[in-house]
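K.L.:
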Amino acid sequence: MVDDENPDGYDGTETDAVRSPKREGFLTDERREKLGDLGIAVGLAVGGMGVGLVATVIVISVVAVADLGLSDTARNIVLMLPLQIGGLAGTAVAFLWITDRGFGYVRLRKPSLKHLGIAFGSIFAMLAAVVAVTVVIESLGQQAADHATTQQIESDPRLALYMVPLALLVIGPCEELLFRGVIQTKLTESFGTRGGVVVASVVFSAVHVPSYGGLSAGLNQLAITLGVLFSLAIILGAVYEKTDNLAVPIVAHGFYNAVLFGITYIGTQYADELEQATAVL
Numbered sequence: 131m132v133d134d135e136n137p138d139g140y141d142g143t144e145t146d147a148v149r150s151p152k153r154e155g156f157l158t159d160e161r162r163e164k165l166g167d168l169g170i171a172v173g174l175a176v177g178g179m180g181v182g183l184v185a186t187v188i189v190i191s192v193v194a195v196a197d198l199g200l201s202d203t204a205r206n207i208v209l210m211l212p213l214q215i216g217g218l219a220g221t222a223v224a225f226l227w228i229t230d231r232g233f234g235y236v237r238l239r240k241p242s243l244k245h246l247g248i249a250f251g252s253i254f255a256m257l258a259a260v261v262a263v264t265v266v267i268e269s270l271g272q273q274a275a276d277h278a279t280t281q282q283i284e285s286d287p288r289l290a291l292y293m294v295p296l297a298l299l300v301i302g303p304c305e306e307l308l309f310r311g312v313i314q315t316k317l318t319e320s321f322g323t324r325g326g327v328v329v330a331s332v333v334f335s336a337v338h339v340p341s342y343g344g345l346s347a348g349l350n351q352l353a354i355t356l357g358v359l360f361s362l363a364i365i366l367g368a369v370y371e372k373t374d375n376l377a378v379p380i381v382a383h384g385f386y387n388a389v390l391f392g393i394t395y396i397g398t399q400y401a402d403e404l405e406q407a408t409a410v411l
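Numbering-wise (the numbering used here), the sequence shown opens with residue 131 and increments by one.
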């Protein structure tokens, strides 16, 4: 029966269909997930560097106490290993173990010929990017900040030769395992593929700031360097997602660094000869 006082049958309450939509707060579930993954990514990057620093201090103490009589070159090489192996790779492995994800999480497998072609193609892309940026910033009267290793090579050119195999066997694998294999993969879970690549590249660039002297290098120089690092990281991250194989950015990163160390050695050892040859041309 219809109520005479309320012929439409409306009782003054809102049904689910007409009720005003409830406004969600700023921290939606999606944003919480993104912030959580970003926090994990930053924590892994900073933690990896921190663990590496502690490991380096321990190794320095052991070398000093043991009085092994290492040359400056050998000592510099030995002191690079704790950061890469103990800090970066160690943090990545610890994350995989603690979270029970397993090594399959980082998508590492034997590369195909096509994958190797992509890897070496990306090396040329990174070198081209660096050359292009260098030409532009020099035309503007600017310069990028120098890496601490580059400064060591200037005083000990032989170090560059030892850095070539180190780049291929240690630096490339360790950095890619953490920054692409673990951090980028984690970020893509909430940011998506493109977003994950971009955010991981930002984290990768930012964590290298201390290696370039931090703020003491000058804001302009540091900004240029971070821009270059970000561009290189984007390329590495893109080929990782394109091939779905961590071996590809490992090869690209390792050979890219190896080429730079080779060029640096030639530049420091044969600077006069190169200058004379350039003058003739």
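For every residue, glycine included, the Cβ atom is placed at its ideal position computed from N, Cα and C.
For clarity, every value in this text was computed on a predicted model and none was experimentally measured.
#1: How is the alpha helix (DSSP H) around Ser191 delimited, first residue to last?
#2: Measuring CA to CA, which of Tyr395, Phe385, Ile364 and Ile396 is closest to Ile253?
#3: Under a Cβ-count criterion, where at least 16 other Cβ atoms within 10 Å of its own Cβ denotes burial, should Ala275 be classed as buried or exposed?
#4: Quick check on DSSP: helix, strand or coil for Phe156?
#5: Which residue comes first and which comes last in the alpha helix (DSSP H) that contains Asp230?
#6: Quick one, which of Ser361, Gln351, Phe309 and Leu390 has its alpha-carbon nearest Gln273's?
#7: Can you list, in chain order, the residues of its chain with a C-beta nearer than 7 Å to that of Leu174? Leave out the 5 residues immediately preceding and following it.
#8: State the start and end residues of the unbroken alpha helix (DSSP H) segment that holds Leu366.
#9: Runs of 4 residues minimum, wholly inside the segment 241–271: which ones carry the alpha helix (DSSP H) assignment?
#10: Kindly confirm or deny that the segment 159–179 and the segment 318–328 touch, where touching means at least three C-beta pairs closer than 8 Å.
#11: Do Ile364 and Ser341 have their beta-carbon atoms positioned less than 8 Å apart in this structure?
#12: Using DSSP with H/G/I as helix, E/B as strand and the rest coil, what is Asp202?
#13: According to the neighbour-count rule (16 or more other Cβ atoms, all chains shown, within 10 Å of its Cβ), is Gly182 buried or exposed?
#14: In whole angstroms, give me the CA-to-CA distance for Ile207 and Ala336.
#15: Comparing C-alpha positions only, which one of Ala258, Val236 and Thr394 sits nearest to Asn375?
#16: For the candidate residues Pro379, Leu200 and Ile393, whose alpha-carbon lies nearest to that of Lys240?
#17: Where Thr279 and Asp159 are concerned, what is the direct C-alpha to C-alpha distance, given to the nearest angstrom?
#18: Using alpha carbons as the reference points, say which of Met179, Tyr395 and Leu157 lies closest to Glu284.
#19: I think Met361 touches Ala259, with their Cβ atoms under 8 Å apart; what is that distance to the nearest whole Å?
#20: Using the Cβ count rule (16 or more neighbours within 10 Å means buried), how would you classify Gly199?
#21: If you count every other CB in all the chains shown that lies within 10 Å of the CB of Ala407, and 16 or more means buried, which is it?
#22: I believe Leu86 touches Val189 by the beta-carbon criterion, under 8 Å. Please report the beta-carbon distance rounded to the nearest angstrom.
P.N.:
In short:
#1: Unbroken alpha helix (DSSP H) run through Ser191: Asp159 to Ala196.
#2: The candidate whose alpha carbon is nearest that of Ile253 is Phe385.
#3: A buried status is given to Ala275, since no fewer than 16 other beta-carbon atoms sit within 10 Å of its beta-carbon.
#4: Coil.
#5: Note, Asp230: premise wrong, no alpha helix (DSSP H); not H, not E.
#6: Ranking the options by Cα distance to Gln273, first place goes to Gln351.
#7: These residues qualify, in order along the chain: Thr221, Phe225, Leu308, Val312 and Ile313.
#8: Going by DSSP, Leu366 is part of the alpha helix (DSSP H) stretching over Leu349 to Thr373.
#9: If we require 4 residues or more, the alpha helix (DSSP H) runs fully inside the segment 241–271 come out as 243–269.
#10: With a cut-off of 8 Å, the segment 318–328 and the segment 159–179 count as touching, because enough Cβ pairs lie within range.
#11: No.
#12: Residue state, collapsed to three classes: helix.
#13: It counts as buried.
#14: Whole-angstrom Cα-Cα distance: 24 Å.
#15: Checked all of Ala258, Val236 and Thr394; the closest Cα to Asn375 is Val236.
#16: Considering only alpha carbons, the answer is Pro379.
#17: Going by the C-alpha atoms only, they are around 43 Å apart.
#18: Considering only alpha carbons, the answer is Tyr395.
#19: First, the residue type needs correcting, since residue 361 is Ser and not Met in the sequence shown. With a beta-carbon spacing of about 5 Å, Ser361 and Ala259 fall inside the 8 Å limit used to define contacts.
#20: That one is exposed.
#21: With a pLDDT of 47 at Ala407, under the threshold of 50, the modelled position of this residue cannot be trusted; read the value that follows with caution. With fewer than 16 other CB atoms across the displayed protein chains lying within 10 angstroms of its CB, Ala407 is exposed.
#22: Limits of the chain in this structure are 131 at one end and 411 at the other, which puts residue 86 out of reach.
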